[in-house]
Amino acid sequence: MLLRVHRRRFAVLRALGAPRSYVFACIWLYVVTVIASGAIAGLFLGLAGSRLAGHFVASQTGIALTPSVGPSEISLAALIVATGCIFAIVPALAVYRDRLDRALQSSS
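At position 9 of the sequence shown (counting the first as 1) the number is -6 in the working numbering, and the numbers step up by one without a gap.
Shown next as structure tokens:
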């Protein structure tokens, strides 16, 4: 959905002479960056939320909880990013295969 906003910009790149492979790589890298940023932010926000919940539980019950991000969480985030790298090919292919004249005429 986010790429539809930038559809005309990628079409202008192609119209200015950028190779399709360059535009494909730009789109793929853009999507992978969004996915990786989300995974990293999710790790940090999850850690912050669990520490906040741990402090709340400790103040209510006296049981100390020390949450941390371990290798299993990092490997799960890496797996999500790796899967996202594979699925990022789909929007890149969609823009790669799009006709240049139709993309330049789009109103979005």
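Positions of the beta carbon are idealized from the N, C-alpha and C atoms, including for glycine.
Please read all numbers here as calculations on a predicted model, not as lab measurements.
Looking only at -8, 53 and 42, the smallest Cα-Cα distance to residue 29 is reached by 53.
In the three-state reduction of the DSSP assignment, residue 56 falls in the helix class, which pools H, G and I.
Straight through space, the alpha carbons of residue 51 and residue 11 are spaced by roughly 41 Å. The Cβ atoms of residue 75 and residue 24 do not sit closer than 9 Å to each other.
Distances from the CA of residue 18 to each of 84, 81, -1 and 68 were compared; the closest alpha carbon is that of 68. The C-alpha of residue 42 is placed about 44 Å away from the C-alpha of residue -10. Per DSSP, the unbroken alpha helix (DSSP H) holding residue 76 starts and ends at 74 to 82.
In this structure, the CA atom of residue 5 is about 19 Å from the CA atom of residue 70. In chain order, 8 and 80 place their CB closer than 6 Å to the CB of residue -5, counting only its own chain and leaving out the 5 sequence neighbours on each side. Taking residue 20 as the centre and dropping the five residues before and after it, the same chain places the C-beta of 65, 66, 69, 70 and 73 closer than 8 Å to its C-beta, in chain order. A direct Cα-to-Cα measurement between residue 32 and residue -12 gives close to 30 Å.
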